[in-house]
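Contents: one structure, followed by commentary.
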Amino acid sequence: MKMKKVAAVLMTAVMACGLFAGCGSSDTKGEGGSDSGKAKINICTWNEPTKNEELNMYVQCEKATGIDVEVTVIPESDYSSKLNQMAATGDDSIDVFILWENDLVNFAKSGGVVALDDYLSDSDINTDDFIDTVSELSEGLDGTYGLPWGVAAEILYYNQDMFDAAGIPYPTNDWSYDDFLAAAEALTQKDGDSTSVYGCALPNVQTWWAGIGMAGDQIYDPASGEMVLGSGAEAFVQDCADMVGKGIMPEPSSDTADLFASGKAAMAWAGSWNMATYGDDLGFNWDIATLPTNAEKYNTLHTGFYAINAKSGDAENAWKVIEYLMSKEGQTINSTASGNMSALKTIAAEGAWKAESVKTVENWDAMTDSLENGIFGYTCLPAGVTSNAISNFNSAVTGGMTAKEAVEKSMDYAAETIGY
Amino acid sequence: MKTKARTSSWKKRETRTAYAFLTPWAIGFVCFTLFPILFMFSVSLTNRKLNGMTEYIGFANYTNMFKSDVFWNSIKVTLFFTIIMVCVTTVWAVAMALLLNMKHKLNGIFQFCYFLPSVIPSVAMAYAFRTIFGKEAGLLNALLSMVMGKNVAVNWLYNHSTVYMAVFFVTLFTYNTGQMMMIFRSGLNDVPQELYEASDLDGAKAVHKFFNITLPMISPLVLFNAVNGCVSALNGSFALLFPLTGANGDPDGMTQVLSLLIYKEAFTNMKVGYACALSVILFLIAAAFGGALFALSKKLVYYEN
């Protein structure tokens, strides 16, 4: 009997200890120390830093500041939600966040990140040099809460060999939407009833919005925070449905292959970050151009903001790291490694973003042109709202509903979601 | 008198010991089951966001939910998916168990081969099937093209008429189906042989033997597997459908079960309060399915004792 009691008490004690162990909090963090005795700052990002030390801005930051910079990589698909969970639980393991457009305002308003104005007043960073669209993202806040790490645009990629074979002149930065439609049709190669080479790949999760924006819709209203879709979206979705019907564009499917890179699509609309990925490895000649102009010249810009976690135990050193990353040296390394432009106009003008590995690109003006005409649009909306809309557009393209129904359904869902 | 007092004291000690043994489970139940359920219900009465901002809003989440077309579509899909998935996987598991129960030399290899996919994590398996079901570069279309001698380009996961076929096919390879098969197989071994021998003397055919002997004798296991299958379909379908058809349950919300919608609202729209309200509904549906199955079992399940 005694043995039984002892066993029961022991099991209960082990269970209770396990529970209390889980409730404990780390008190080692916040002192900002590393094993080497140097200050340590943890920064989170969605991109694995390059292995090339010369082009790794975090390694160069360590050398320049003497601070250990530890990089935590969170997969892109979970990035925003993980950061929000960290803010909700008061997690102090990350000192510097790179916040996406739709998170910056929420984090600032909920006190998840600190205002940078005091730091900026003693710094060489010239916030007046930021491109205008970046400054607009912080409107409505009582200060500056984040500094843009770089800017990416959306561009047209085209297969030069296919254009040459079809005898069609290459796209230019003042190409019209009608020029694009005509070229896509002419470049399509059929094999009986099926298509062997598509004129253009289906818009991806980013460039659906470029097509809608260039058709004249506002997409995102900064004043109300609402999604604004209308006749522009209907027209563009219908155009895509027509092109899919004629075999000029592929249907949406579960295929993960990049049809442009695999030589099965003559053109594609995609983010400028693909340039560094494509490099010179595609096996054909390719170049870039600005997305065609329809009712508007439009593409969506993409960025992230360096911000200091309000729970960081070492905000001073976190700022030093940000200051280096925003410096000319830090921004130049970032641009060279990623192919993204600096949001600081004077640094961007020096052209470090022209990725050296990409020998085939000649029309670098497409990037500067896209940056000038780009805005922060759908990226300011909740991701669930935009992904829901794209599912509806895809359904319209495959004949599951009309373009009008797809837009109405997307607007209904946005209305019940935004402003929660 | 003394004996009575001693017995009473012994009983008290026994009871205390029993409670002491129950305490670890009780702690676990309170901390990891009861508290989360109560917390989920309390959060469903707020507009809590993923970043922690929260405000009490009463039953507004529920009233908004009942007005939402997306919610009602999800309820319809959840019920359809659960019922069909339970039927498909149970019938398949019984069929496989019957095949395995036949005396063949290669039974062990067959059992190993069939059970192997069941131990692969659902997410990894679903991603593999997503690639297999691709339209342009999918393995299945390539095989069909080879066999038929012409280009086959079926959009398995985006076509309204093929998506359910593809999804339910994948459910046959989940851990839950493999486990069902093993349970049925052990049950089939326990069916008394004399019942089959007697029916043979009466000239019964295989179909009659299955419906009049085998099925009644393994009916308690059918009930057990059906209840498990329901819970698995309601809660575990996320791991299968998210990689296959995405958080929006493509195409056109046809595969957007409640667990997918909960994820989407909580982690992409950051509406944790609303997602908790959806979770309460999922909890009630699971309870209703369990209750209905047990009620049905009183009529359909045969117990020897």
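Those sequence lines, one after another, are chains A and B. Note that the first sequence ends on residue 449 in our numbering; no numbers are left out. Note that the second sequence ends on residue 295 in our numbering; no numbers are left out. We put the CB at the ideal spot given by N, CA and C, even for glycine.
Hey, does residue i have any beta-carbon neighbour from chain A nearer than 8 angstroms?
i: Y148(B); result: yes
i: S111(B); result: Before going on, a small fix: residue 111(B) reads as Pro here, not Ser. It does not; no Cβ of chain A falls within 8 angstroms.
i: Y264(B); result: yes
i: M136(B); result: no
i: T(-3)(B); result: no
i: N225(B); result: no
i: D59(B); result: yes
i: K254(B); result: yes
i: M75(B); result: no
i: F70(B); result: no
i: M43(B); result: yes
i: T258(B); result: yes
i: N202(B); result: no
i: N218(B); result: no
i: N97(B); result: no
i: N91(B); result: no
Nearest CA to the CA of residue i: which residue from the options?
i: S424(A); options: N149(B), V67(B), K57(B); result: N149(B)
i: T224(A); options: A295(A), D250(A), V163(A), S205(A); result: A295(A)
i: T217(A); options: A211(A), S367(A), Y227(A), K326(A); result: Y227(A)
i: T164(B); options: L231(B), W0(B), G18(B), L96(B); result: L231(B)
i: S253(A); options: A324(A), V142(A), G448(A); result: G448(A)
i: A381(A); options: N392(A), D394(A), V387(A), I362(A); result: I362(A)
i: V45(B); options: Y52(B), A10(B), N37(B); result: Note that residue 45(B) corresponds to Glu in the displayed sequence, not to Val. Ranking Y52(B), A10(B), N37(B) by Cα distance to E45(B) puts N37(B) first.
i: Y148(A); options: D157(A), T173(A), E168(A); result: T173(A)
i: K39(B); options: S110(A), W75(A), N421(A); result: S110(A)
i: K80(A); options: C73(A), V88(A), T74(A); result: V88(A)
i: A262(A); options: A42(A), I419(A), N71(A); result: I419(A)
i: G259(A); options: E434(A), K67(A), E83(A); result: E434(A)
i: G243(B); options: S386(A), M430(A), N328(A); result: M430(A)
i: I351(A); options: N328(A), L288(A), L176(A), A195(A); result: L176(A)
Shorter than 8 angstroms from the beta carbon of residue i to some beta carbon of chain B?
i: T57(A); result: Low confidence applies here, because T57(A) scores a pLDDT of 46, under 50, leaving its location unreliable; read the following figure in that light. It does not; no Cβ of chain B falls within 8 angstroms.
i: T427(A); result: yes
i: S371(A); result: no
i: E280(A); result: yes
i: N135(A); result: yes
i: N113(A); result: yes
i: E60(A); result: Caution applies to E60(A), whose pLDDT of 49 falls short of 50 and renders its modelled position unreliable; the value that the coordinates give is listed next. It does not; no Cβ of chain B falls within 8 angstroms.
i: M440(A); result: no
i: G406(A); result: no
i: G169(A); result: no
i: G141(A); result: yes
i: S420(A); result: yes
i: S341(A); result: no
i: V436(A); result: no
i: D250(A); result: no
Along chain A, which residues have their Cβ under 9 angstroms away from the Cβ of residue i?
i: K261(B); result: P411, G413, T446, Y449
i: N63(B); result: Chain A residues near N63(B): none, gap ~10 angstroms exceeds 9 angstroms.
i: F163(B); result: In chain order: nothing, as chain A lies at least about 17 angstroms away.
Which residues of chain B have a Cβ atom closer than 8 angstroms to the Cβ of residue i, listed in chain order?
i: M430(A); result: D242
i: S424(A); result: D240, P241, D242
Quick one: which chain A residues come within Cβ less than 7 angstroms of residue i?
i: L40(B); result: S110, N113, Q114, A117
i: A237(B); result: S416
i: N215(B); result: The contacting residues do not exist; N215(B) stays about 30 angstroms from chain A at best.
i: N166(B); result: Those do not exist, as N166(B) stays about 23 angstroms from chain A at its closest Cβ, beyond 7 angstroms.
If the cut is a Cβ gap below 8 angstroms, which residues of chain A does residue i touch?
i: T152(B); result: Under the 8 angstroms cutoff, chain A gives no residues; its nearest Cβ is about 11 angstroms from T152(B).
i: A143(B); result: S223
3-residue-minimum beta strand (DSSP E) runs that sit fully inside the stretch 219 to 287 of chain A, ordered along the chain
Taken in chain order, the complete beta strand (DSSP E) segments of 3 residues or longer contained in the stretch 219 to 287 of chain A are 223 to 226.
Could you name each continuous beta strand (DSSP E) segment of 3 residues or more that falls completely within the stretch 229 to 294 of chain B, going from the start of the chain to the end?
Listed in chain order, there is nothing to give.
At a Cβ cut of 9 angstroms, what residues of the stretch 275 to 302 of chain A count as close to chain B, listed as they run along the chain?
Of all residues in the stretch 275 to 302 of chain A, only P279, E280, P281, S282, S283, D284, T285, A286, L288, S291, K293 come within less than 9 angstroms of chain B when Cβ atoms are compared, listed by chain position.
4 or more residues per run - each alpha helix (DSSP H) lying fully within the stretch 68 to 97 of chain A:
Taking 4 residues as the minimum length, the alpha helix (DSSP H) runs contained wholly in the stretch 68 to 97 of chain A are 86 to 94, in order along the chain.
Can you list, in chain order, the residues of the stretch 101 to 133 of chain B whose Cβ is nearer than 8 angstroms to any Cβ on chain A?
Within the stretch 101 to 133 of chain B, the qualifying residues are R120, T121, F123, G124, K125, E126, A127, G128.
Interface residues of the stretch 176 to 202 of chain B facing chain A [CB-CB below 9 angstroms]
Under the 9 angstroms Cβ criterion, the stretch 176 to 202 of chain B contributes no residue.
Please give the ranges of any alpha helix (DSSP H) in the stretch 162 to 200 of chain A, keeping only runs that are unbroken, at least 4 residues long and fully inside the region.
Listed in chain order, they are 189 to 195.
What are the start and end residues of each continuous beta strand (DSSP E) run of 3 or more residues lying completely inside the stretch 314 to 394 of chain A, in chain order?
List check, beta strand (DSSP E) in window: 315 to 319, 334 to 337.
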